[in-house]
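Asker: Using numbering that gives the first Met the number 0, the first residue of the sequence shown is number 0, and each one after it goes up by one. Structure provided below as structure tokens; questions to follow.
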Amino acid sequence: MTIFNKLKDSLSQNARSNAKMDDNIRFCTEEDLVDRNVTLPSAQNERAIALLQLRTLSVHPFSFPFGKNGRVRDALKMSFKYALGNDDDSILMIPQVTEQGSDRTEGVVWFVSKAEIEETEERLGEGITFWPAPLAMFHETGGNGLAIWNADSGTSGMLFKDSSPLLYRWTPSAENSVNDLEKWFVDYSRSADITIDNIILAERSSLSARSIQKAGRETLRSLKGSASLDLSTKSADSARKLEFFFAAAFSTARAAAFLGLLFLVLSAGAFFYSILNSDRFEDVPFEIYGIAFGERSNSPLASSAARVKNLGANGTNMSLEQTLDNIAAVWKTSVSTDSLKLDAIRYGTERTEIQGTAAGSGPVESLRDSLNKNGFNAKISDIQQIPGSGMRFSIGLESSEGSGQK
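Written out as structure tokens, the structure is:
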């Protein structure tokens with residue numbers, strides 16, 4: 000089902016392509032910096048990117064229905080409260096925006112222990128950009144694959160989907176750590192219906208500095224948002240202070256603005272027409288409403304207001320009470336409290352999401368299947384390994400009736 004490639008062989012071809020691009024960036028490993036096998040850039044426009052094996056790192060995709068004027072960091076804090084906890088100063092949050100338009104912002108957000116990064120900075124020095132090591136292999140996976148980086152400091156893997164990071168995991172070095180980690184990612188991908196096109200293995204001991212440099216440069220060119228990615232404390236603090244996003248706007252804003260403007264026109268038209276022709280004052284709102292909507296209303300202003308209120312309410316057909324009843328029914332009949340724990344339910348008119356923890360991926364799949372049999376169209380939207388033990392999961396829910404209508 001997958002194509003297994005050795006990174007060393009794949010990097011030996013086309014070594015000179017695009018050599019002039021990103022010459023001011025040097026990729027190196029943690030071992031290179033500790034052993035002083037690399038000369039750090041001295042010029043102001045040069046920088047070094049250290050490829051690290053991070054124990055506490057996690058990555059989560061996000062998508063918000065607002066563009067450049069939205070407060071992305073605030074939205075991320077609310078969406079990933081479970082990852083930040085009550086004391087968000089102990090966790091660094093680094094957004095990586097990959098797509099942004101007037102009414103949409105997409106990307107991934109990285110979470111990592113501040114203590115681990117500070118410890119790494121003390122060991123390697125300041126002024127260095129930090130990347131997770133498998134990320135440098137993104138280009139080799141083709142955007143839909145798995146990259147595994149094996150070194151003395153541990154074995155880490157990163158899963159990519161639709162040209163974006165999806166999942167990261169680190170394990171201590173052991174005799175079978177590479178095979179065990181690969182199996183873990185493959186099992187996860189099957190449970191989430193994700194196809195792995197390529198599996199790339201990077202053995203640190205067999206990689207030359209030239210190969211690492213080429214892989215990193217290719218990733219910089221092909222992975223959106225990677226040029227500004229930096230997991231260091233300096234970068235995270237700068238991102239926290241820089242509030243370059245303002246005011247959220249929902250995806251239905253344009254249509255709502257149109258109806259709001261129409262409401263204003265109805266009112267203004269009635270007012271001005273009353274001055275010019277008071278005899279026909281009462282007919283003006285009815286005529287404008289009929290032209291706009293092709294029907295007659297006994298109360299055009301109230302009908303316009305109702306259309307604004309009902310805008311976007313065509314998603315799920317389930318009320319909050321129905322949604323909770325169906326989830327409770329599944330929980331009572333199909334869920335073992337020893338293997339699953341529900342942490343949060345986020346109800347919405349178009350989509351509901353449940354979040355919780357599980358002993359493994361098996362109980363999460365069983366929960367998804369049970370929800371599909373109880374009035375929902377359920378899909379696992381996120382699943383992450385919890386450092387220590389267990390997994391954290393999110394399942395998106397839509398009413399099966401509403402999904403069938405789309």
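The C-beta atom is built at its ideal place from N, Cα and C for all residues, glycine as well.
#1: Quick one, which of Gly-347, Ile-353, Ser-318 has its alpha-carbon nearest Val-329's?
#2: Which residue marks the beginning of the alpha helix (DSSP H) containing Asp-179, and which one marks its end?
#3: When you compare each of Glu-98, Ser-176, Leu-396, Ser-333 to Pro-362 by their alpha carbons, which one comes out closest?
#4: Could you please give the first and the last residue of the uninterrupted alpha helix (DSSP H) stretch that includes Phe-137?
#5: By the three-class DSSP mapping on this structure, what secondary structure does Ser-112 have?
#6: Under a Cβ-count criterion, where at least 16 other Cβ atoms within 10 Å of its own Cβ denotes burial, should Gln-12 be classed as buried or exposed?
#7: With DSSP as the reference, identify every bridge partner of Phe-79, one or two as the case may be.
#8: How about Phe-375 and Ser-399: are their beta carbons less than 8 Å apart?
#9: Three or more C-beta pairs closer than 8 Å, one from the stretch 135 to 142 and one from the stretch 70 to 89: is that the case here?
#10: Kindly list the residues whose CB is nearer than 7 Å to the CB of Gly-389, restricted to its own chain and excluding five residues on each side of it in sequence; keep chain order.
#11: Going straight from the alpha carbon of Glu-397 to that of Arg-345, what length do you get?
#12: Taking 8 Å as the limit between beta carbons, can you name the residues of its chain near Thr-170, skipping five residues before and five after?
#13: Which residue's Cα is closest to the Cα of Asp-229: Ile-199, Leu-91, Gly-395, Glu-30?
#14: Rounded to the nearest angstrom, how far is the Cβ of Lys-104 from that of Val-58, given a contact under 8 Å?
#15: Report the rounded CA-to-CA distance for Arg-54 versus Leu-134, giving the unit in angstroms.
#16: Exposed or buried, Leu-319, counting other C-beta atoms within 10 Å across all chains shown (16 or more means buried)?
#17: Which residue from Ser-78, Ser-112, Val-96 puts its Cα closest to that of Gly-66?
#18: Would you kindly work out how many angstroms separate the C-alpha atoms of Ser-227 and Leu-200, rounded to a whole number?
#19: So Trp-148 packs on Gln-212, CB below 8 Å; how close in whole Å?
Answerer: Based on what the coordinates show:
#1: Walking along the sequence shown from the start, residue 329 turns up at place 330. Here the closest residue by C-alpha is Ile-353.
#2: As a first step, residue 179 must be located in the sequence shown, where it is residue number 180. Unbroken alpha helix (DSSP H) run through Asp-179: 176 to 190.
#3: Reading the sequence shown from its first residue, position 363 is the one you call residue 362. Nearest option by C-alpha distance: Ser-333.
#4: As a first step, residue 137 is located in the sequence shown; it is residue number 138 there, counting from the start. Taken as a continuous stretch (DSSP letters only), the alpha helix (DSSP H) holding Phe-137 covers 137 to 140.
#5: Taking the sequence shown and counting its residues from 1, one reaches residue 112 at position 113. In the structure shown, Ser-112 sits in a strand (DSSP, three-state: E or B).
#6: Residue 12 sits at position 13 when you count from the first residue of the sequence shown. Per-residue confidence for Gln-12 stands at a pLDDT of 42, beneath the threshold of 50, marking its modelled position as unreliable; no derived number is given.
#7: As a position in the sequence shown, residue 79 is number 80, starting the count at 1. None, per the DSSP bridge assignment.
#8: Residue mapping note: residue 375 aligns to position 376 of the sequence shown, counting from 1. Residue mapping note: residue 399 aligns to position 400 of the sequence shown, counting from 1. A contact, by the Cβ cut-off of 8 Å.
#9: No, the stretch 135 to 142 does not touch the stretch 70 to 89.
#10: Along the sequence shown, read from residue 1 onward, the residue named residue 389 stands at position 390. Residues of the same chain with a CB within less than 7 Å of the CB of Gly-389, apart from the 5 flanking positions on each side, are Thr-356, Ala-357, Ala-358 in chain order.
#11: Sequence index remark: in the sequence shown, residue 397 carries index 398 (1-based). Sequence index remark: in the sequence shown, residue 345 carries index 346 (1-based). Rounded to whole angstroms, Glu-397 to Arg-345 spans 12 Å at the Cα level.
#12: The sequence position of residue 170 within the sequence shown is 171, counting from 1. Around Thr-170: Gly-153, Thr-154, Ser-155, Ser-176, Asp-179, Leu-180.
#13: Here residue 229 refers to the residue found at position 230 when the sequence shown is read from its first residue. Nearest of Ile-199, Leu-91, Gly-395, Glu-30 to Asp-229, Cα basis: Leu-91.
#14: Counting from one through the sequence shown, the residue named residue 104 turns up at place 105. Counting from one through the sequence shown, the residue named residue 58 turns up at place 59. According to the sequence displayed, residue 104 carries Thr and not Lys. About 17 Å separates the two Cβ atoms, so there is no contact after all.
#15: Within the sequence shown, the letter at position 55 stands for residue 54. Within the sequence shown, the letter at position 135 stands for residue 134. A straight-line Cα-Cα distance of about 15 Å links Arg-54 and Leu-134.
#16: As a working mapping, residue 319 is identified with position 320 in the sequence shown. With fewer than 16 Cβ atoms within 10 Å of its Cβ, Leu-319 is classed as exposed.
#17: Your numbering for residue 66 matches position 67 in the sequence shown. Sorting Ser-78, Ser-112, Val-96 by C-alpha distance to the C-alpha of Gly-66 places Val-96 at the top.
#18: Walking along the sequence shown from the start, residue 227 turns up at place 228. Walking along the sequence shown from the start, residue 200 turns up at place 201. In this model, Ser-227 and Leu-200 are separated by some 25 Å (Cα to Cα).
#19: Numbered from its first residue, the sequence shown carries residue 148 at position 149. Numbered from its first residue, the sequence shown carries residue 212 at position 213. Taking the Cβ atoms as the reference, Trp-148 lies roughly 15 Å from Gln-212, outside the contact range of under 8 Å.
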